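What follows is a set of notes on a single structure, which appears directly below.
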Ligand code: FVH
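Numbering (this note's numbering), first residue to last: 7 to 298.
So, in structure tokens, the structure goes:
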């Protein structure tokens with residue numbers, strides 16, 4: 007098991023990579039940092055990090071190599087030429103990506119004797135090293151994850167989700183899907199209320215209270231319906247929502263707003279009712295999102 011102040015290297019010092027490296031330094035882990043644009047190492051060096059001139063220098067400095075770049079394409083282009091240097095080390099990739107990309111990177115790593123752990127950060131940079139943050143991890147070598155868990159715990163709470171390397175990305179994208187759905191609803195709600203000049207700060211408390219209250223019931227109801235296969239509801243059925251939904255899209259039109267974000271929901275509701283699911287609740291919609 008890694009000591010509580012085991013060293014680590016961080017490749018990629020954007021907003022998130024900088025927050026991660028800073029958290030390691032503050033927790034007492036000797037930290038080597040590298041970034042394509044070298045000037046970004048400055049603030050971390052001031053905190054005590056060791057700068058590396060090249061990615062290879064950072065990789066060979068430590069057994070644990072944490073990577074946080076923009077995309078997994080950039081991760082591949084950075085790591086592939088360094089396969090030899092990475093052999094025998096552990097890569098923890100905290101770059102946002104798809105389950106398929108994580109599995110491909112894991113296969114590539116395994117073929118080169120590299121331990122690969124994929125991660126999904128459930129936090130913005132300012133939340134790193136606070137109790138509100140957690141990071142999802144998955145990979146074939148759970149023992150390697152457990153060995154590095156004390157170091158990774160300096161970044162955020164650690165949640166291991168399984169030995170399939172794609173699982174962390176799957177959980178990450180699923181959770182972010184919920185967030186983006188809410189963001190779309192919030193954007194449209196402010197556009198609609200704002201179309202009559204209602205101040206956003208006046209509307210915000212109402213919107214927060216409503217969205218939070220509805221989220222609890224919607225998530226619990228959808229999970230229950232999907233788990234039991236019982237989609238019938240006496241709360242808010244799809245036929246009623248289908249009938250009400252034109253009010254939303256025509257109000258958006260009348261108030262000079264675009265309907266692009268929400269028009270697809272009308273299609274989904276129409277399809278549900280056409281297929282005989284009018285008495286069901288929203289849990290039914292999940293099933294209609296599967297391609298035939
Ligand atoms: N910031 C956030 O709120 C979210 C929270 C959840 C997780 N995401 C994901 O984290 C990854 C990094 O995000 P970031 O916020 O640090 O992004 P940037 O500040 O834009 O920094 C990007 C770094 O990636 C380096 N980079 C890009 N391409 C390459 C490449 N081909 N080779 C080497 N490095 C590359 C870039 O270097 P430079 O432009 O400074 O030279 C930055 O260090 C991301 O997956 C989020 O989705 C963040």
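Yeah, the Cβ is synthetic: ideal placement off N, Cα and C, and Gly gets one too.
All values derive from a computational prediction rather than experimental measurement.
Quick one: give me the first and last residue of the alpha helix (DSSP H) that residue 30 is part of.
Your numbering for residue 30 matches position 24 in the chain shown. Secondary structure note for residue 30: its alpha helix (DSSP H) is the uninterrupted segment 21-32.
Residue of 143, 150, 188, 172 minimising C-alpha distance to residue 166:
As a first step, residue 166 is located in the chain shown; it is residue number 160 there, counting from the start. Of 143, 150, 188, 172, the residue nearest in Cα terms is 143.
Determine the burial state of residue 37: buried for a count of at least 16 other Cβ atoms within 10 Å of its Cβ, exposed for fewer.
Locating residue 37 in the chain shown gives position 31, counting from the first residue. Burial call: buried.
How big is the Cα-Cα spacing for residue 138 and residue 129?
Residue numbering aside, residue 138 sits at position 132 when the chain shown is read from its first letter. Residue numbering aside, residue 129 sits at position 123 when the chain shown is read from its first letter. Our two residues, residue 138 and residue 129, have alpha carbons roughly 8 Å apart in a direct line.
Per-residue DSSP class, three states only, for residue 225
Working through the chain shown from its first residue, we reach residue 225 at position 219. The three-state secondary structure of residue 225, taken from DSSP, is helix.
Counting along the chain, where does the alpha helix (DSSP H) carrying residue 178 start and finish?
Translated into the one-based positions of the chain shown, residue 178 becomes position 172. Residue 178: member of the alpha helix (DSSP H) spanning 173-200, first to last residue.
Quick one, are the C-beta atoms of residue 122 and residue 112 less than 8 Å apart?
Walking along the chain shown from the start, residue 122 turns up at place 116. Walking along the chain shown from the start, residue 112 turns up at place 106. A Cβ-Cβ contact shorter than 8 Å links residue 122 with residue 112.
Who are the near neighbours of residue 217 in its chain, counting only those whose CB is closer than 8 Å to its CB and skipping five residues on each side?
Start at 1 with the first residue of the chain shown, and residue 217 comes out as number 211. Cβ within range, chain order: 188, 191, 192.
What does the alpha-carbon distance come out to for the pair residue 252 and residue 145?
Here residue 252 corresponds to residue number 246 of the chain shown, with the count starting at 1. Here residue 145 corresponds to residue number 139 of the chain shown, with the count starting at 1. In this structure, the straight-line span from the alpha carbon of residue 252 to that of residue 145 is close to 46 Å.
Where in the stretch 31-82 do unbroken runs of the alpha helix (DSSP H), each at least 4 residues long, occur, reported from the N-terminal end onward?
Complete alpha helix (DSSP H) runs here, min 4: 48-53, 61-67.
My output table needs one value for residue 8: the three-state DSSP class, helix, strand or coil.
The residue you call residue 8 lines up with position 2 of the chain shown. Caution is warranted here: a pLDDT of 49 is assigned to residue 8, below 50, making its placement in the model unreliable, and no coordinate value can be reported.
Does the beta-carbon distance from residue 74 to residue 101 come in below 8 Å?
The residue you call residue 74 lines up with position 68 of the chain shown. The residue you call residue 101 lines up with position 95 of the chain shown. Yes, they are a contact pair.
For the candidate residues 250, 267, 242, whose alpha-carbon lies nearest to that of residue 289?
Sequence index remark: in the chain shown, residue 289 carries index 283 (1-based). With respect to the C-alpha of residue 289, the residue from 250, 267, 242 having the closest C-alpha is 242.
The stretch 258-266 contacting the stretch 197-210, beta-carbon criterion three pairs below 8 Å
The stretch 258-266, when compared against the stretch 197-210, does touch it at the 8 Å Cβ threshold.
Segment limits, alpha helix (DSSP H) that includes residue 242
Within the chain shown, numbered from 1, the residue matching residue 242 stands at position 236. Unbroken run through residue 242: none, as it is neither H nor E.
Between which two residues does the beta strand (DSSP E) harbouring residue 142 extend?
One-based indexing of the chain shown puts residue 142 at position 136. Looking at the DSSP string, the run of the beta strand (DSSP E) that includes residue 142 is 140-144.
Less than 8 Å separating the beta-carbons of residue 186 and residue 162?
Residue mapping note: residue 186 aligns to position 180 of the chain shown, counting from 1. Residue mapping note: residue 162 aligns to position 156 of the chain shown, counting from 1. No, they are not a contact pair.
Locate the alpha helix (DSSP H) running through residue 153, then write down its first and last residues.
Mapped onto the chain shown, residue 153 falls at position 147. For residue 153, the uninterrupted alpha helix (DSSP H) segment begins and ends at 148-158.
In chain order, each alpha helix (DSSP H) run of at least 4 residues that lies wholly inside the stretch 228-282
Entirely contained in the stretch 228-282, the alpha helix (DSSP H) runs reaching 4 residues are, in chain order, 244-260, 269-280.
In whole angstroms, give me the CA-to-CA distance for residue 267 and residue 104.
Here residue 267 is taken as the residue at index 261 of the chain shown, counted from 1. Here residue 104 is taken as the residue at index 98 of the chain shown, counted from 1. Using only the alpha carbons, I get a separation of about 23 Å.
According to DSSP, is residue 129 helix, strand or coil?
Residue 129 sits at position 123 when you count from the first residue of the chain shown. Coil at residue 129, not helix or strand.
Is any non-hydrogen atom of ligand 1 found closer than 7 Å to the C-beta of residue 302, if you look at the structure I gave you?
Examination of residue 302 is not possible in this model, given that the chain is present from 7 through 298 alone.
Residue of 202, 285, 172 minimising C-alpha distance to residue 237:
Looking up residue 237 in the chain shown gives position 231. Taking only the C-alpha atoms, the option nearest residue 237 is 285.
Compute the minimum distance between the beta carbon of residue 19 and the heavy atoms of ligand 1, and state whether it is under 7 Å.
For the purposes of this step, residue 19 is identified with residue 13 of the chain shown, where counting begins at 1. Checking the Cβ of residue 19 against ligand 1 gives yes.
Out of curiosity, what's the CA-to-CA distance linking residue 8 and residue 154?
In the chain shown, the residue the question calls residue 8 occupies position 2. In the chain shown, the residue the question calls residue 154 occupies position 148. Reliability fails at residue 8, whose pLDDT of 49 lies under 50, so the model's placement of it is uncertain and the value that follows must be treated cautiously. Answer to the nearest angstrom: the Cα atoms are 6 Å apart.
Alpha carbon of residue 69 to alpha carbon of residue 184, nearest angstrom:
By one-based count along the chain shown, residue 69 stands at place 63. By one-based count along the chain shown, residue 184 stands at place 178. So the two alpha carbons sit approximately 36 Å from each other.
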